[in-house]
Every structure is written in C-alpha cells, then in structure tokens.
Amino acid sequence: MSTDSFPGWHGTTIIGVRKGDQVVVAGDGQVSLGNTVIKGTARKVRRLHPGGYQVVAGFAGSTADAFTLLERLEAKLEATPGQLARAAVELAKDWRTDKYLQKLEAMLIVTDGKDLYVITGAGDVLEPEHDVAAIGSGGNYALAAARALMDSDLTAEEIARKAMSIASDICVFTNGNVIVETING
Numbered sequence: 002m003s004t005d006s007f008p009g010w011h012g013t014t015i016i017g018v019r020k021g022d023q024v025v026v027a028g029d030g031q032v033s034l035g036n037t038v039i040k041g042t043a044r045k046v047r048r049l050h051p052g053g054y055q056v057v058a059g060f061a062g063s064t065a066d067a068f069t070l071l072e073r074l075e076a077k078l079e080a081t082p083g084q085l086a087r088a089a090v091e092l093a094k095d096w097r098t099d100k101y102l103q104k105l106e107a108m109l110i111v112t113d114g115k116d117l118y119v120i121t122g123a124g125d126v127l128e129p130e131h132d133v134a135a136i137g138s139g140g141n142y143a144l145a146a147a148r149a150l151m152d153s154d155l156t157a158e159e160i161a162r163k164a165m166s167i168a169s170d171i172c173v174f175t176n177g178n179v180i181v182e183t184i185n186g
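In my numbering, the protein residues as written are 2 to 186.
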C-alpha cells in the first residue's frame, strides 16, 4: 500500500489562554484515522517537571513525534532552569537543523505560567498575540472563539473550555473530552 493511499492520522485541538495571572492549556482527546475515531480519550496536555520547574505542554500531530519533542524540551529545560524561552529556542533550532528531528510531525504549545509559546518544526517559537494560541485541526475555531471571549468576565480556564466546546461543535476531528492544565504566573 502506498503512503499516498493510506489515510493520515488526524485530530486534536490544543489551546493556550493567558488571562490575569493564570495560563491554561487545554486539549481534546480525539484521535482519528481517516474518517474513523480510533480513540476519544487521548491525553495531549501534560505537565512537565524538569528539575522542579513546572511547565505545561500540549501537542498536536504524531504522538510518538510529540513525545520525542517533549523529552528534548525537558532536557533543554534541565540545562537552562527557569528559562522557557531559551529552552524553546534551543529545541526549535535542533528541530530545524537535525536530520532526524526534521522528520517529526508535531507542534507544541508550552507555558511556564509566565510565558506562552507555540513551537514548530519550521524553527518557529511564537509568542501569541492577544494571549491566545491554538494548534491542531480545530485550532483556528478554538482561537477565534477564545479571542472573542477574552474581553468577557470569564477566567482563562472558562475561556479555554468554552473555546474547546465551540471547536468540537465545528471540527469533526475534535471531541468534547477536554483535559485542562492550569498554571499560575
């Protein structure tokens, strides 16, 4: 079977929302193969503890690739404790230049409660405008919904949950089984 005829794995919406001193990363649990839901309870948002330093990360893309990147990020954070920006840039540089890492298909949203970044395989470390970042198949829907809610009285967690709910109503590769991790700045 050629790789062109094999349907790709799809599914995931990850959102990061910073409001006040709270940062939330939320993600759904759906993994799809073509038009079939393979799993509805995947955990794509994780808390990392490199050297006692807390970071929350969410990933979209291949799970094995994302775990490889998360391990690399943890190593970078252990080498530069308390410096998420530096660790993220170092990871992005490696990801862009290392022949093995270049093949990885995933994206990350990471936060330490102070900074919020999207890290891509193109070498990007993006700090989002408007304190909202989203990735994955339903990312644009969640991003639009969260940005519309940012001026409301809702907390960061409430905004993230509502945005994920809206994304799951629109994107067939996103479900309502949401995992939320909160970290304070």
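Heads up, the beta-carbon is just placed ideally off N, CA and C, and yes, glycines get one too.
Just so we're clear, the structure is a prediction, and the values are computed from it rather than from any experiment.
Compare the Cα-Cα distances from residue i to each of the options and report the closest residue.
i, options, result
"glutamate 182", "Ala80, Ile110, Gln103 and Ala65", "Ile110"
"threonine 112", "His50, Asp29 and Lys40", "His50"
"valine 173", "Gly41, Ile160, Thr69 and Lys163", "Gly41"
"glutamine 23", "Asp170, Asp66, Ala161 and Glu130", "Ala161"
Using beta-carbon positions only, say whether residue i and residue j come within less than 7 Å of one another.
i, j, result
"valine 26", "valine 56", "no"
"isoleucine 120", "isoleucine 15", "no"
"alanine 123", "phenylalanine 60", "no"
"aspartate 95", "leucine 85", "no"
"isoleucine 184", "glycine 83", "no"
"alanine 157", "glycine 17", "no"
"glycine 180", "glycine 28", "Before going on, a small fix: residue 180 reads as isoleucine here, not glycine. Contact: yes."
"arginine 19", "aspartate 132", "yes"
Go through its chain and collect everything with a Cβ distance to residue i's Cβ below 8 Å, but skip five positions before and after it.
i, result
"aspartate 152", "none"
"valine 38", "Gly12, Gln31, Val32 and Asn176"
"leucine 71", "Arg47, Leu49, Ala58, Phe60 and Leu109"
"arginine 97", "Gln103, Gly122, Ala123 and Gly124"
"glycine 21", "Thr156 and Ala157"
DSSP puts residue i in a beta bridge; with which residues?
i, result
"arginine 48", "Val57"
"asparagine 185", "Gln23"
"glycine 137", "Thr14"
"alanine 143", "The partner list for alanine 143 (beta bridge, DSSP) is empty, contrary to what the question assumes."
"leucine 105", "Partner(s): none; leucine 105 has no beta bridge."
Going along the chain, which residues of its own chain have a beta-carbon closer than 7 Å to the beta-carbon of residue i, five neighbours each way excluded?
i, result
"serine 166", "Gly177"
"alanine 168", "Thr14, Gly139, Tyr142, Ala143, Ala146 and Thr175"
"threonine 69", "Leu105"
"glycine 1", "It is not possible to answer for residue 1, since the shown part of the chain is limited to 2 through 186."
What does a CB cutoff of less than 6 Å around residue i pick up in its chain, not counting 5 residues either side in sequence?
i, result
"glutamate 91", "Lys77"
"valine 126", "Ala89, Val90, Ala93, Tyr118 and Ile120"
"isoleucine 171", "Tyr142"
"alanine 67", "Phe60 and Ala107"
"threonine 81", "Arg87 and Ala88"
Okay, do the segment 67 to 86 and the segment 21 to 39 touch, 3+ Cβ pairs below 8 Å being the bar? When C-beta atoms of the segment 67 to 86 are compared with those of the segment 21 to 39, fewer than three pairs fall below 8 Å, so the two segments do not count as touching.
Flag this pair as touching only if the segment 141 to 159 and the segment 34 to 51 have three or more C-beta atom pairs under 8 Å; answer yes or no. Because the criterion of three Cβ pairs below 8 Å is not met, the segment 141 to 159 and the segment 34 to 51 do not touch.
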